[in-house]
Amino acid sequence: MTAQGEELITVSGLSSGYGAVPVVRSVDLAVRTGEVFAVVGGNGAGKTTLLSTISGLLRPTSGSVRLGGTDITGWSPERIVAHGLVHIPEGRRLFTGLTVAEHLRLGLWNVPNRRRVERERTERVVDLFPVLGERMDAYAEVLSGGEQQMLAIGQALMREPRALLLDEPSIGLAPVIIKRVFAVVDRLREQGLTVVLVEQRVGEALALADRGLVMRHGAVEAFGDAAELAADPALRVAYLGAAAGGQRNEE
Amino acid sequence: MSEVIRTRPGAVRRAVPWLVLLAAAAVLPLVSGDPTITYLATTAAIYVVVGTGLNIMFGYTGQVSLGQGALVAVGAYTTGALMAGHGWTFWAAAPAAVLVTTAAGTLMALPAFRLSSWYIALVTLGAAMAVRSLLVEFEGLTGGWSGLVGIPRPALGSWELGERDVLWLVIAVNVVLFVMVRNIVDSRLGRGMMAVRDAPEMAQSVGVGPARTKLFAFACGGATAGMGGALLAVHHGLVTPDDFTLDFSILFLLVVIIGGAARLAGPIIGTLLFFALPELLTGLAEWRGLIYGAALLALMVYAPQGIAGAWDKLRARYRKGRVPAAASTADPVADAAADAAGVAGTAEVGPPRGEPIGVELSGVRKSFGGVHALRGVDLTIEPGRVHAIVGPNGSGKTTLLNVISRLLRQDEGRILFGAEDVSRATAERLARRGVARVFQTPRLLGASSLRDNVLLGAYARERAGGPATVLRLPRARRERAALAVEADRLLAAHGLAGRADEEAAALPHGEQRLLEVARALMARPRLLLMDEPAAGLTPRELEALGRLIRAIRDAGTTVVLVEHHIELVANVADVVTVLDRGELVTSGAPQDALGDARVVELYLGAPA
Amino acid sequence: MIADILVAGLVFGSLYGLVAMGFNVLHRPTNVVNFAQGELIMIGAMLMAATPIGGLPWGIAVLCVMAVVAVVTLAEERVAVTPVLRRSSHAAGWVITTLAFSLLIAEAAGRLWTDQPSTVAPPWPLSMDVNHVAGFRFSSYQVAVVAAAVAVVLLLGLLDRSRLGTALRAVAADRDGARLRGIDPRSLTRRSFLLGGALAGLTGVLAAPLLLASVTMGLGLLIKGFAALAVGGIGDNRGVLVAGWVLGTVEAAGAAYASPGSQSVVLFAAMLLILLVRPNGLRGLAVQRHV
Chain C
-15 MTAQGEELIT
-5 VSGLSSGYGA
5 VPVVRSVDLA
15 VRTGEVFAVV
25 GGNGAGKTTL
35 LSTISGLLRP
45 TSGSVRLGGT
55 DITGWSPERI
65 VAHGLVHIPE
75 GRRLFTGLTV
85 AEHLRLGLWN
95 VPNRRRVERE
105 RTERVVDLFP
115 VLGERMDAYA
125 EVLSGGEQQM
135 LAIGQALMRE
145 PRALLLDEPS
155 IGLAPVIIKR
165 VFAVVDRLRE
175 QGLTVVLVEQ
185 RVGEALALAD
195 RGLVMRHGAV
205 EAFGDAAELA
215 ADPALRVAYL
225 GAAAGGQRNE
235 E
Chain B
239 MSEVIRTRPG
249 AVRRAVPWLV
259 LLAAAAVLPL
269 VSGDPTITYL
279 ATTAAIYVVV
289 GTGLNIMFGY
299 TGQVSLGQGA
309 LVAVGAYTTG
319 ALMAGHGWTF
329 WAAAPAAVLV
339 TTAAGTLMAL
349 PAFRLSSWYI
359 ALVTLGAAMA
369 VRSLLVEFEG
379 LTGGWSGLVG
389 IPRPALGSWE
399 LGERDVLWLV
409 IAVNVVLFVM
419 VRNIVDSRLG
429 RGMMAVRDAP
439 EMAQSVGVGP
449 ARTKLFAFAC
459 GGATAGMGGA
469 LLAVHHGLVT
479 PDDFTLDFSI
489 LFLLVVIIGG
499 AARLAGPIIG
509 TLLFFALPEL
519 LTGLAEWRGL
529 IYGAALLALM
539 VYAPQGIAGA
549 WDKLRARYRK
559 GRVPAAASTA
569 DPVADAAADA
579 AGVAGTAEVG
589 PPRGEPIGVE
599 LSGVRKSFGG
609 VHALRGVDLT
619 IEPGRVHAIV
629 GPNGSGKTTL
639 LNVISRLLRQ
649 DEGRILFGAE
659 DVSRATAERL
669 ARRGVARVFQ
679 TPRLLGASSL
689 RDNVLLGAYA
699 RERAGGPATV
709 LRLPRARRER
719 AALAVEADRL
729 LAAHGLAGRA
739 DEEAAALPHG
749 EQRLLEVARA
759 LMARPRLLLM
769 DEPAAGLTPR
779 ELEALGRLIR
789 AIRDAGTTVV
799 LVEHHIELVA
809 NVADVVTVLD
819 RGELVTSGAP
829 QDALGDARVV
839 ELYLGAPA
Chain H
190 MIADILVAGL
200 VFGSLYGLVA
210 MGFNVLHRPT
220 NVVNFAQGEL
230 IMIGAMLMAA
240 TPIGGLPWGI
250 AVLCVMAVVA
260 VVTLAEERVA
270 VTPVLRRSSH
280 AAGWVITTLA
290 FSLLIAEAAG
300 RLWTDQPSTV
310 APPWPLSMDV
320 NHVAGFRFSS
330 YQVAVVAAAV
340 AVVLLLGLLD
350 RSRLGTALRA
360 VAADRDGARL
370 RGIDPRSLTR
380 RSFLLGGALA
390 GLTGVLAAPL
400 LLASVTMGLG
410 LLIKGFAALA
420 VGGIGDNRGV
430 LVAGWVLGTV
440 EAAGAAYASP
450 GSQSVVLFAA
460 MLLILLVRPN
470 GLRGLAVQRH
480 V
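Protein chains in written order, with the working numbering: chain C, -15 to 235; chain B, 239 to 846; chain H, 190 to 480.
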């Protein structure tokens, strides 16, 4: 195990894409144990592709990914999950026709001693998200967007992962609910979990995160302390484009 | 040969192998005194007829039929019963058999419209079994197990055709069929079939009705099977149920796959290899079943394009090796788009088909499962403007575009084009009214040429009817030539000049996008719907794209642009609509809409 | 006569339902409908009829047959299913490859065994002797076959609720989504093919005493099983058993009122009619979508 503050996820020179289209171009980043690391940038900047490459859904065309000293480049997603890095994809991707309880049970898929820990971990997740406890037998598709996001996070926590890759948790949620989701991430950090947070709600994301990076056109535009990034003009450029960024600066 | 083909060098050279093959088949009975050879050659040639029809269904339209043998049985029995039982001549019985079998084939296709495509395989298999038991059951008509005997050869007046004459007859049928199929495949009908096979939604968006197209393919398959059956009946002189086992149906599928699905030569190569060869080498015939199975398995996994496809690939590789990559300028995409943006793109193809279309949506709702993608959107899209729709991921932009183009049906709400209510129209009908679509990820006919891909865009405005196309009458020929010129000009305008005969799948992504745009412009649209055309483009390409979009608008087309690239939107849009979580946030001039406090918050989050 | 039709419909319908359940087991993780299912069942029946396995005590024989057919089915997954799904160059490639595999089985069986149909006796204490109860005529073995089909539905239902079944449903709903939860779809696919093969073997064993065991029995069972699948709805085991009963009864009625030769035509026509009215089957479960 890595101690607090040591590098847990190290990405170097990572490039990947779909077919012949490069979407992520030579990205470097290092996430420390116990921090919330924000990856922000406009739509189509390559954030989701970056996460999918780290979690093994996409094979990198070059570069490497290390998790706590182990080179996991090119591993299958199943193997990476078993190694303690869980990716909660954009839009949650819960399973139609499976209940809340079944989702939580699946969170323990291939976990050693799962029968012994199932009850205790379920209780812990329900403590964190009481609403899930009330709706154990409801199908995932009838939950509200906020409840679905809680379920997706809860399911990942069943595994007691070393790090979470959280892709756009705010998607489709009302502002009040978004605040609640971010509060949950904050609490998970207090419990020592490492979180990589991809967000288009930059303001909130950077306010929450310890450090982060701004992506534009598949490459790293800026990198560093979250508070400094929030003030960086590169941010406006990444979101609203050079023209809009300039225009806003003039005001 | 049409004007277009005549202008292409190598057309004559390409025809040489066919003529040689034809001559060889025709003189075969003359040089070989062995009647068995003539008999086998006739059987093989009849199989080519049936295989050619199945190639239209399976190869070009992607419908797996396991009932082809049963349709041949229908044709053979119809011919046999009419000739042996009722004294009809072959010349009257064969067309009747073709009609009956076409009807049967079309009937088999009916479930195809409501069910997913693999159902067809099992439904046709079931139909084959049902036909077989009917053959035995209706003893009065079919002679039961013993079948129909004493079917006379075709006769002209008092002269009855001999063995050799029947072979020549079958070869003549093949020649006519080959030309007709070539005409079909190389026309809007053929392009429509391939679009249904490769990208059904794209097919609809250019005006191809999937149901009609499948029906047409099944009718073709039925007609050829009927013809094959009629020929088989007079060739054998008798028909029995045992001639039409399931293996017989699978044989045709095999012939098409091994020869090369969606290749004109496929059924010919396949028949020669898998029927004629084992039959000639008697030792192999016994193992035919095992060879069938193993060959199907291996081919489907390793060479799904069959022998003809593998041959083409080899030749392409050989050619590439000889000609060094000629057109590798620094940035072909940007250059191309820059060329296109010189207004050439639209000016070259001529004006839109009519006035620009304005769209009005009221109360449009759409949800998937529990997720509300659109929650009551009211929106007016003015004609002749560039109207951009932006918003965060999951805000419902693409859903909105799909509802406007009718690829999705809204749960509630109305959609008006001008004064006309199109709330329930199909996508293909709108395409015929002048709506064109550029997809987010290019949806092309990968195995077809760039020219054919662009020509597909003209599907909805081609006038030549079915018979004119199949027979390539002068009218169809003239239209074809004019459209080909137009397509080539459009390709040139997009920097793809001189590459019209290349395969679309081999293009790099950026150029595939341009090809999509060229296809959409080929429709001369009155309303152009573009889904994230800027994704993955470099800044220079973006600029060119912006100029192109403005040029399209200036030519008199309404453009609806779903885009997350704010810079592009700010540059080209006349009106910007911002969506969030399925609801309209604001709509107005770009500066106003993008400067709106709610929109800034949407993108940058609440001020911390 | 109506009583006889109902009994025949229930018994043969149970067989068709079992065939369709085999389709379901293989379909879930792969979205493939196995065109070799009929021939796999044929192997099961022929192992009982024409090999020394048939001479073993019945319980042991059944296990042996299930094991053999399961292995053959796994071989099919290796050579005919996974390779095409991986390449997926042709949307319906698996239709062709599973069909090709069924040709290979049929051809091999034709060489191994004679094409003379043979009778197989039901296991003790069951028999084909006819009992008369309240106007119905049936044998103890017929009752056992219906009971077995119902039992298989219940067992598959239990499996569905288990951890493995939950994972299978997850893979069916969203393959990549399942991988992100650590579930390996390939391993589940292999397990499903083993199970589906074992079920095909069992179906063959059960069918042997009712139909004559022969190397050509596979095709008919394939088509009728498909009819039950289409009418009952893919993935719905109860639905396909009920559909099997309905179609079995229609078929028996066709044989009784029209002519024995026309029964498959009647069954096929009934299936088409039902599908034209209800494309998703009688119970009409819609195709699953992502959340």
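Yeah, the Cβ is synthetic: ideal placement off N, Cα and C, and Gly gets one too.
Note that the structure is a prediction, hence the values are computed from the model and not measured.
> Can you name the residues of chain B whose CB is closer than 7 Å to the CB of E152 (chain C)?
Replying inline: For the purposes of this step, residue 152 (chain C) is taken as the residue at position 168 of the first sequence. Simply N631.
> For E(-9) (chain C), does the three-state DSSP call read helix, strand or coil?
Replying inline: Numbered from 1 along the first sequence, position 7 holds the residue referred to as residue -9 (chain C). If DSSP states are grouped into helix, strand and coil, E(-9) (chain C) belongs with the strands.
> What runs of the beta strand (DSSP E), each 3 residues or longer, lie entirely inside the region 74 to 152 of chain C?
Replying inline: 147 to 151
>> Taking CB distances under 8 Å as the criterion, tell me whether A738 (chain B) reaches chain C.
In response: Sequence index remark: in the second sequence, residue 738 (chain B) carries index 500 (1-based). With 8 Å as the cut-off, A738 (chain B) does not count as an interface residue toward chain C.
>> Cβ closer than 7 Å: which chain B residues qualify as neighbours of V284 (chain H)?
In response: The count along the third sequence starts at 1 and reaches residue 284 (chain H) at position 95. Per Cβ cutoff of 7 Å: V302, W356 and A359.
> Taking C-beta to C-beta, are L470 (chain B) and A279 (chain B) nearer than 8 Å?
Replying inline: Taking the first residue of the second sequence as 1, we reach residue 470 (chain B) at position 232. Taking the first residue of the second sequence as 1, we reach residue 279 (chain B) at position 41. Not a contact, by the Cβ cut-off of 8 Å.
> How is F21 (chain C) classed by DSSP in three states: helix, strand or coil?
Replying inline: By 1-based counting over the first sequence, the position of residue 21 (chain C) is 37. Strand at F21 (chain C).
>> At the level of alpha carbons, what is the spacing between A140 (chain C) and T636 (chain B)?
In response: One-based indexing of the first sequence puts residue 140 (chain C) at position 156. One-based indexing of the second sequence puts residue 636 (chain B) at position 398. The straight-line gap from Cα to Cα measures roughly 30 Å.
>> So the candidates are B:R788, B:R764 and B:L806; which of them puts its Cα closest to the Cα of P777 (chain B)?
In response: By 1-based counting over the second sequence, the position of residue 777 (chain B) is 539. For P777 (chain B), the nearest C-alpha among the options comes from B:L806.
> Which residues does DSSP pair with S687 (chain B) in a beta bridge?
Replying inline: Locating residue 687 (chain B) in the second sequence gives position 449, where the first residue counts as 1. BP columns for S687 (chain B) point to B:E741.
> So, using beta-carbon positions, are L157 (chain C) and V180 (chain C) closer together than 8 Å?
Replying inline: Looking up residue 157 (chain C) in the first sequence gives position 173. Looking up residue 180 (chain C) in the first sequence gives position 196. Cβ distance not < 8 Å, so L157 (chain C) and V180 (chain C) don't count as in contact.
> Cα separation between F201 (chain H) and V339 (chain H)?
Replying inline: Counting from 1 along the third sequence, the entry for residue 201 (chain H) is found at position 12. Counting from 1 along the third sequence, the entry for residue 339 (chain H) is found at position 150. Rounded to the nearest angstrom, the two C-alpha atoms are 13 Å apart.
> For L288 (chain H), which beta-bridge partners are listed by DSSP?
Replying inline: The residue given as residue 288 (chain H) occupies position 99 in the third sequence. Beta-bridge pairing links L288 (chain H) to no other residue.
>> Taking 8 Å as the threshold (C-beta atoms), are V676 (chain B) and L668 (chain B) in contact?
In response: Here the question's residue 668 (chain B) lines up with position 430 in the second sequence. Here the question's residue 676 (chain B) lines up with position 438 in the second sequence. No, the pair does not count as a contact, with Cβ atoms beyond the cut-off.
> Are the Cβ atoms of V439 (chain H) and A459 (chain H) separated by less than 8 Å?
Replying inline: Here residue 439 (chain H) corresponds to residue number 250 of the third sequence, with the count starting at 1. Here residue 459 (chain H) corresponds to residue number 270 of the third sequence, with the count starting at 1. Yes; because the gap between Cβ atoms is below 8 Å, this pair is in contact.
>> L401 (chain H) and S307 (chain H) - do their beta-carbons sit closer together than 8 Å?
In response: If you number the third sequence from 1, residue 307 (chain H) lands on position 118. If you number the third sequence from 1, residue 401 (chain H) lands on position 212. Going by C-beta atoms, S307 (chain H) is nearer than 8 Å to L401 (chain H).
> Among residues of its own chain, excluding the 5 on either side of L817 (chain B), which ones have a beta-carbon nearer than 8 Å to its beta-carbon?
Replying inline: By one-based count along the second sequence, residue 817 (chain B) stands at place 579. Within the same chain, L817 (chain B) has close Cβ partners V615, I627, V628, G629, S633, G634, K635, L638 and V823.
>> Which complete alpha helix (DSSP H) runs does the region 690 to 751 of chain B hold, if anything under 4 residues is left out?
In response: Listed in chain order, the complete alpha helix (DSSP H) runs (minimum 4 residues) inside the region 690 to 751 of chain B are 704 to 708 and 712 to 731.
>> Using C-beta distances below 7 Å, list every residue in its chain close to I230 (chain H), excluding the 5 sequence neighbours before and after it, in chain order.
In response: As a first step, residue 230 (chain H) is located in the third sequence; it is residue number 41 there, counting from the start. Cβ neighbours of I230 (chain H) beyond the five flanking positions: V208, A389, T392, G393, A396, G407 and L410.
> Per DSSP, which one or two residues make a beta bridge with A627 (chain B)?
Replying inline: Position 389 of the second sequence, counted from the start, is the residue given in the question as residue 627 (chain B). It is worth fixing the name first, because residue 627 (chain B) is Ile in this sequence and not Ala. Answer is B:V800 and B:T815, bridged to I627 (chain B).
>> Closer than 8 Å is the cut-off here; do at least three beta carbon pairs connect the region 47 to 65 of chain C with the region 202 to 211 of chain C?
In response: no
> Going by the CB atoms, is the gap between L683 (chain B) and A735 (chain B) shorter than 8 Å?
Replying inline: As a working note, residue 735 (chain B) is residue 497 in the second sequence. As a working note, residue 683 (chain B) is residue 445 in the second sequence. Going by C-beta atoms, A735 (chain B) is not nearer than 8 Å to L683 (chain B).
> Who are the near neighbours of A333 (chain H) in its chain, counting only those whose CB is closer than 6 Å to its CB and skipping five residues on each side?
Replying inline: Along the third sequence, one-based indexing puts residue 333 (chain H) at 144. Hits under 6 Å: L315.
> Shortest alpha-carbon distance to E749 (chain B) belongs to which of B:R613, B:N691 and B:L372?
Replying inline: By 1-based counting over the second sequence, the position of residue 749 (chain B) is 511. Out of B:R613, B:N691 and B:L372, B:N691 has the C-alpha closest to the C-alpha of E749 (chain B).
>> On the DSSP bridge list, what partners appear for G196 (chain C)?
In response: Taking the first sequence and counting its residues from 1, the one referred to as residue 196 (chain C) is at position 212. DSSP lists C:A22 and C:G208 as partners of G196 (chain C).
> Taking Cβ-Cβ distances shorter than 7 Å, what residues in chain H pair up with S39 (chain C)?
Replying inline: Within the first sequence, residue 39 (chain C) is the residue found at index 55, counting from 1. The contacting residues are L369.
>> Out of C:R119, C:E118, C:P153 and C:V95, which one is the CA nearest neighbour of E144 (chain C)?
In response: Start at 1 with the first residue of the first sequence, and residue 144 (chain C) comes out as number 160. Nearest C-alpha to E144 (chain C): C:V95.
> Buried or exposed: where does Y298 (chain B) fall if 16 or more other Cβ atoms within 10 Å of its Cβ makes it buried?
Replying inline: As a first step, residue 298 (chain B) must be located in the second sequence, where it is residue number 60. Answer is buried; the Cβ neighbour count reaches 16.
>> Rounding to the nearest angstrom, what Cα-Cα distance links Y556 (chain B) and A548 (chain B) in this structure?
In response: Indexing the second sequence from 1 puts residue 556 (chain B) at position 318. Indexing the second sequence from 1 puts residue 548 (chain B) at position 310. Distance between the alpha carbons of Y556 (chain B) and A548 (chain B): 12 Å.
> With 8 Å set as the bound, which would you pick, yes or no: does the beta-carbon of G130 (chain C) sit closer than that to a beta-carbon of chain B?
Replying inline: Position 146 of the first sequence, counted from the first residue, corresponds to residue 130 (chain C). For G130 (chain C), the answer is no, since every Cβ of chain B falls outside 8 Å of its Cβ.
>> What ranges does the beta strand (DSSP E) occupy inside the region 296 to 366 of chain H, keeping only unbroken runs of at least 3 residues that lie completely in it?
In response: 319 to 322 and 325 to 328
> Do L320 (chain B) and A341 (chain B) come within 8 Å of each other at the CB atom, strictly closer than that value?
Replying inline: Taking the second sequence and counting its residues from 1, the one referred to as residue 341 (chain B) is at position 103. Taking the second sequence and counting its residues from 1, the one referred to as residue 320 (chain B) is at position 82. Not a contact, by the Cβ cut-off of 8 Å.
> In three-state DSSP terms, what is T462 (chain B)?
Replying inline: Taking the second sequence and counting its residues from 1, one reaches residue 462 (chain B) at position 224. Correct three-state label for T462 (chain B): helix.
>> Let's test the definition: count the other Cβ atoms within 10 Å of the Cβ of A365 (chain B) and tell me whether it reaches 16, buried, or not, exposed.
In response: One-based indexing of the second sequence puts residue 365 (chain B) at position 127. Answer is buried; the Cβ neighbour count reaches 16.
> At which residues does the beta strand (DSSP E) containing S825 (chain B) begin and terminate?
Replying inline: As a first step, residue 825 (chain B) is located in the second sequence; it is residue number 587 there, counting from the start. Counting along the chain, the beta strand (DSSP E) containing S825 (chain B) begins and ends at E821 to G826.
> Going along the chain, which unbroken runs of the alpha helix (DSSP H) with 4 or more residues stay wholly within the region 615 to 675 of chain B?
Replying inline: 635 to 642 and 665 to 671
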